[in-house]
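Visitor: Protein sequence lines correspond, in order, to chains A and B. Residue numbering for the first sequence follows my numbering, beginning at 1041 and increasing consecutively. Residue numbering for the second sequence follows my numbering, beginning at 1041 and increasing consecutively. This is the structure, below, for whatever I ask next.
There are 2 protein chains.
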Amino acid sequence: MDQIITPEIKELVRRYKEIWSLNYALSLLGWDMETYMPPNSSKERGEVRGNLRTQVQSIYTHPEFISLVENAKPQNDVERGIIRVLKRQIKYYTKLPREFIEEEERTTTKAFQVWREAKEKSDFQMFQPMLEDIVDLERRKADYLGYEDHPYDALLDIYEEGLTVKRCDEMFSVAPQISDLFKRAKERYPDRHPLEDEPYDMVFLKRLIESVLTVLGFDFSRGRIDVSPHPFTIEMGLYDIRITVRYEGKDFRRALMAAVHEFGHATYEMNISEDLWATPVQRGVSMGVHESQSRFWENVVGRSRYFVERFHDQMIMALPFLRDYDLDDIYRYLTLVRPELIRVEADEVQYVLHIYLRYKLEKDLIEGNLKVSELPQVWNDFMDRLIGVRPSKDSLGVLQDIHWAHASIGYFPTYAIGSMFAAQLYEKLNMRNLIENKDYSRIMTILKERIHKWGSVYPPDELMKRASGEYLNPNYFLSYLRDKYLS
Amino acid sequence: MDQIITPEIKELVRRYKEIWSLNYALSLLGWDMETYMPPNSSKERGEVRGNLRTQVQSIYTHPEFISLVENAKPQNDVERGIIRVLKRQIKYYTKLPREFIEEEERTTTKAFQVWREAKEKSDFQMFQPMLEDIVDLERRKADYLGYEDHPYDALLDIYEEGLTVKRCDEMFSVAPQISDLFKRAKERYPDRHPLEDEPYDMVFLKRLIESVLTVLGFDFSRGRIDVSPHPFTIEMGLYDIRITVRYEGKDFRRALMAAVHEFGHATYEMNISEDLWATPVQRGVSMGVHESQSRFWENVVGRSRYFVERFHDQMIMALPFLRDYDLDDIYRYLTLVRPELIRVEADEVQYVLHIYLRYKLEKDLIEGNLKVSELPQVWNDFMDRLIGVRPSKDSLGVLQDIHWAHASIGYFPTYAIGSMFAAQLYEKLNMRNLIENKDYSRIMTILKERIHKWGSVYPPDELMKRASGEYLNPNYFLSYLRDKYLS
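Structural data, given as structure tokens:
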């Protein structure tokens, strides 16, 4: 890894440590909110987080700091990465007027409450005016941030540096083939698997998960597993990275596969080079690349026959009901293909179709080619065509996700990048043999060398090319699915 | 409660919110270190805490902030409290030169390691040169901070605002009587109580503690109980105050009484007026007053026959071995008097004698009337005279406490203030009846109105006088002990 040699960049990194320390604290405050915080602390905790975020912002926007960034002459890849990342941050803090950010916060705070109620009542019309405001806000946001070809590009770039409509259209060009593949695959599976209804003892499933993650390579000296309503990974620094799991009491694959998924996120952060510690590039580079790591471990490694073989002893020990099922039963349970209305319930075959739908609608909304009022009808028709199911009510359709209420328009496509790049790594890095041989340590070493250790030194598309020899190519995903589900 | 009306003080409180938010985060970072932090995160966590502390310091020492404090004209008690507290903080950050603070940090970091090893090997000579450096440092610190009568006054004031050698000498004037009382009381007790050896089921003791604290009035919507190597209380803000307990597997009074003790600290912080939220006076005013609250609940309420009566049902349920003991057995177990070499093992009768010894030695060290090399001999003689036991080795004597290695000279006397003021409240606020009637809610209301809600608005001695009608008077403690242990 390059060393930081330019004095101005050393000075920037020194100043950045204040931001890094505040972000470390903000992460712990966030983790605690989801795990152990007493129930009546939310409001006060919100004030603290808001205040610390303002302190972060005022360091980024200090004229001396900006001038150091703008005048820096980086000499190597690490230095270029640092300046690139800082410029991106400064852009968001300086291009969006304070009044706009406040308006967005007010609107999303209200929209979240309205969305929750509208979803409960399955009443889209209740949410419609809020969503109209949000679409309008996000179109203005795109104008503030600037773009070359398409206003949606400005929003996509927030979540995935450099992502554009053009690249999304290429990525989703395989959607019709995936839809066909899905419709053929689902014929091979039952409507429901008996293991979905087996209740488990939480204490033992927790032990199983700890044991599986230990074998896969989780470093418990720098991480932990806790319980929260929604599983997530959070990185404080390089030496404290935590994941959470939710135990629902039955259908054990949900908790187990979620843990393996979060393991993928966590090890990405754990494997970043110590040379980048406390610098602006000590962090996974993008949502899409992050999601490729979690999906690689969850879907490619975890939902495989070899994974079931490897962990069968521990599974039987933790979940005695598995004595009534053979390896093949468990594998089919982990890879069950069945049309789902809800994105987060979707198997890996149809998942990208759920994303494609959202991408298409977001793009049309931002372009102005689709009215918010038309969304439910278009959503339902699209689901019918792509996946072969039609929501009976909007809570099972257009109202299901929180993202739009949060004004996170442009976020969804990163999930598809994740699925697709995971398959590309599988193919291009010859992972098949290693997975068959359960050589998790070698797999991790390769991912670390090719991707993890670089942090945010390279932009995501460049990192993907360096790691796999090719920019993102959706055909690897297609062949991965075909081999796994149709052979 | 007075409102903040002076514009300059409003502005100060607005700026102080950055400090308050950073301190909130620092508290959570500290809590997490003792409870859930992964083992290899210590070094990184230390860097984060150091960086955030520097950010706090640079707000306090900003010339505009200092000038606002110095020129403020407070109009009422709350405003006067705010300015008083801020001036104290600024004093510590400005009177001690940066090089001195760094030297103190270096010395104590090393001293802590040396002390730990010296204690393990019971080798005072190993620790002696470090302690000599520390005494020297603390004498210089007193000079930097300034004092009127005695250099030790400057150090006492760090931990207890306004505390002096003169006041300590008054307080400890009852030491000979306490020593006599202790020697008579110990004759009434066996050397060991069989309940000390009863092992318990941790899961049930945890439930008992939660149940007892619920009855006493702990607000679980703004607090929690976790496990840590040493019990402590930590306040994030007004809506998140946590305690910890340690479960050793036998001798249940240790965990139970520690929980009641921490409950006393926690409710002090929880009961501070919301009008003081996020201001410099939203915090218990001093170590001594804090300790009076924890000791009031632990010793006066908890170690009483009425407490045993009130919680006997729950105790039997959680700890079935108690079916073989009657109420009186349990009460005697909670109040067992027996000479102890170790301060933290001491009963409430002899505890103040352990403190008196440390106070006397610290004072003589700072005065220069005692050499560090003479400490072990003087310590052992003193123990023999006061408590009637003599340490067989220095790990059971002069090496037992961490405080001196931390350069916390001046801290110990606050424990004695706690014991003594708890007894004064018992007498002067007519608590006897309420304790007999188990009216914990009324007790809490009185403590809240008289002490808690005021936060740091009044200095500790003034608060004690306002709360009890009298400045600290050690005779109440003497009569409390006499009634409880000799009648």
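The beta-carbon is built from N, C-alpha and C at its ideal position, and this holds for glycine as well.
In three-state terms, what does DSSP make of B/D1266?
Guide: B/D1266 falls in the strand class under three-state DSSP.
Visitor: Hey, could you find the ends of the beta strand (DSSP E) A/I1275 is sitting in?
Guide: It should be pointed out that residue 1275 of chain A corresponds to Glu in this sequence rather than to Ile. Where A/E1275 is concerned, the enclosing beta strand (DSSP E) stretches over 1273-1275.
Visitor: Return no unless some Cβ of chain A is closer than 9 Å to the Cβ of B/S1061.
Guide: Cβ-Cβ to chain A under 9 Å: yes for B/S1061.
Visitor: Within 9 Å (strictly less), CB to CB, does B/P1078 reach chain A?
Guide: Cβ-Cβ to chain A under 9 Å: yes for B/P1078.
Visitor: Grab the span of the alpha helix (DSSP H) containing B/I1370 for me, first residue to last.
Guide: Residues 1367-1374.
Visitor: Hey, would you say B/R1055 sits closer than 9 Å to B/G1408, going by beta carbons?
Guide: No, Cβ-Cβ distance for B/R1055 and B/G1408 is not below 9 Å.
Visitor: By the criterion of Cβ-Cβ separation under 7 Å, what are the contact partners of B/S1081 in chain A?
Guide: Chain A residues near B/S1081: R1262, Y1279, D1280.
Visitor: Let me know if B/I1174 comes out buried or exposed under the rule of 16 or more other beta-carbons within 10 Å of its beta-carbon.
Guide: Under this definition B/I1174 is a buried residue.
Visitor: Does A/D1072 have its Cβ less than 9 Å from a Cβ in chain B?
Guide: So, interface residue.
Visitor: Since B/E1200 meets chain A, which of its residues come closer than 7 Å, beta carbon to beta carbon?
Guide: Within chain A, no residue comes near B/E1200; the closest Cβ sits about 28 Å away, beyond 7 Å.
Visitor: Less than 8 Å between the CB atoms is what I'm expecting for B/I1106 and B/I1130, so what's the real figure, rounded?
Guide: Confirmed, about 6 Å.
Visitor: Taking the alpha carbon of B/P1271 as the reference point, which residue from B/F1517, B/F1336, B/H1305, B/W1419 has its own alpha carbon closest?
Guide: It is B/H1305.
Visitor: Give a yes or no on whether the C-beta atoms belonging to A/L1487 and A/Q1322 are separated by under 9 Å.
Guide: Result no, Cβ atoms of A/L1487 and A/Q1322 do not sit closer than 9 Å.
Visitor: B/G1328 to B/S1448, Cα distance in whole Å?
Guide: C-alpha separation (whole angstroms): 15 Å.
Visitor: Taking 9 Å as the threshold (C-beta atoms), are B/L1393 and B/S1213 in contact?
Guide: Against a cut-off of 9 Å, the Cβ pair of B/L1393 and B/S1213 comes out as no contact.
Visitor: Enumerate in chain order the residues of its own chain whose CB-to-CB distance from A/K1127 is below 7 Å, with the five nearest sequence positions on each side excluded.
Guide: So the qualifying residues of the chain are V1109.
Visitor: Grab me the residues of A/L1410's own chain with a C-beta within less than 8 Å of its C-beta, minus the 5 sequence neighbours each way, in chain order.
Guide: Cβ within range, chain order: L1401, D1404, V1418.
Visitor: In whole angstroms, what is the alpha-carbon distance linking B/K1241 and B/L1068?
Guide: For the record, residue 1241 of chain B in the displayed sequence is Asp; it is not Lys. The alpha-carbon atoms of B/D1241 and B/L1068 are separated by roughly 29 Å.
Visitor: Closer than 9 Å, CB to CB, is B/R1085 near chain A or not?
Guide: Yes, B/R1085 counts as interfacial toward chain A.
Visitor: If I measure Cβ to Cβ from B/E1142 and keep anything under 7 Å in the same chain, skipping five residues before and after, which residues do I get?
Guide: If we look at B/E1142 and ignore the five residues flanking it on each side, it has no Cβ neighbours.
Visitor: Taking A/T1284 as part of the beta strand (DSSP E), name the residues at either end of that continuous run.
Guide: From DSSP, the beta strand (DSSP E) with A/T1284 extends over 1281-1285.
Visitor: Kindly list, in the order they appear in chain A, the residues whose Cβ is closer than 7 Å to that of B/Q1095.
Guide: The contacting residues are E1058.
Visitor: In the DSSP output, what is A/P1239 paired with across the bridge?
Guide: Looking at the DSSP assignment, A/P1239 forms a beta bridge with A/K1290.
Visitor: Within its chain, find whatever has a CB closer than 6 Å to the CB of B/L1248; leave out the 5 residues flanking it on each side and keep chain order.
Guide: Closer than 6 Å at Cβ, skipping near neighbours: Q1354, A1358.
Visitor: Any C-beta of chain A within less than 9 Å: which residues of the stretch 1247-1262 of chain B qualify?
Guide: Residues passing the 9 Å Cβ filter: D1259, F1260, S1261, R1262.
Visitor: Give me the Cα-Cα distance between A/V1154 and A/M1170, rounded to the nearest whole angstrom.
Guide: The straight-line gap from Cα to Cα measures roughly 8 Å.
Visitor: Could you confirm whether any beta carbon from chain B is found closer than 9 Å to the beta carbon of A/Y1064?
Guide: So, interface residue.
Visitor: Tell me the start and end of each unbroken alpha helix (DSSP H) in the stretch 1476-1527 of chain B that is at least 4 residues and wholly inside, in chain order.
Guide: The qualifying runs are 1480-1490, 1500-1508, 1515-1526.
Visitor: How about A/P1320 and A/G1070: do their beta carbons lie closer than 9 Å?
Guide: Their beta carbons are not under 9 Å apart, which means A/P1320 does not touch A/G1070 by this criterion.
Visitor: Along the chain, where does the alpha helix (DSSP H) containing B/P1360 start, and where does it finish?
Guide: From DSSP, B/P1360 is part of no alpha helix (DSSP H); its letter is neither H nor E.
Visitor: Relative to the C-alpha of A/I1406, which candidate in A/R1262, A/D1193, A/Y1396 has its C-alpha closest?
Guide: Comparing Cα-Cα distances from A/I1406 to each of A/R1262, A/D1193, A/Y1396, the minimum goes to A/D1193.
Visitor: With a CB to CB cut of under 8 Å and the five nearest residues on each side skipped, what residues in its chain are close to A/A1377?
Guide: According to the sequence provided, residue 1377 of chain A is Val. The question's Ala does not apply to it. Taken in chain order, the residues that qualify are F1222, A1225, K1226, R1228, Y1229, D1387, V1389, Q1390, Y1525.
Visitor: Considering Cα atoms alone, identify which of A/T1485, A/K1206, A/N1477, A/Y1133 is closest to A/P1453.
Guide: Out of A/T1485, A/K1206, A/N1477, A/Y1133, A/K1206 has the C-alpha closest to the C-alpha of A/P1453.
Visitor: Counting C-beta neighbours from all protein chains within 10 Å, is the total for B/T1254 16 or more, i.e. buried, or is it exposed?
Guide: Looking at its Cβ environment, which holds fewer than 16 other Cβ atoms inside 10 Å, B/T1254 is exposed.
Visitor: Span of the alpha helix (DSSP H) holding B/A1225?
Guide: Here the alpha helix (DSSP H) through B/A1225 covers 1215-1225.
Visitor: Please name the residue in B/V1325, B/D1364, B/R1372 whose C-alpha comes closest to that of B/R1529.
Guide: An answer regarding residue 1529 of chain B cannot be provided, because it is not within the stretch 1041 to 1527 covered by chain B.
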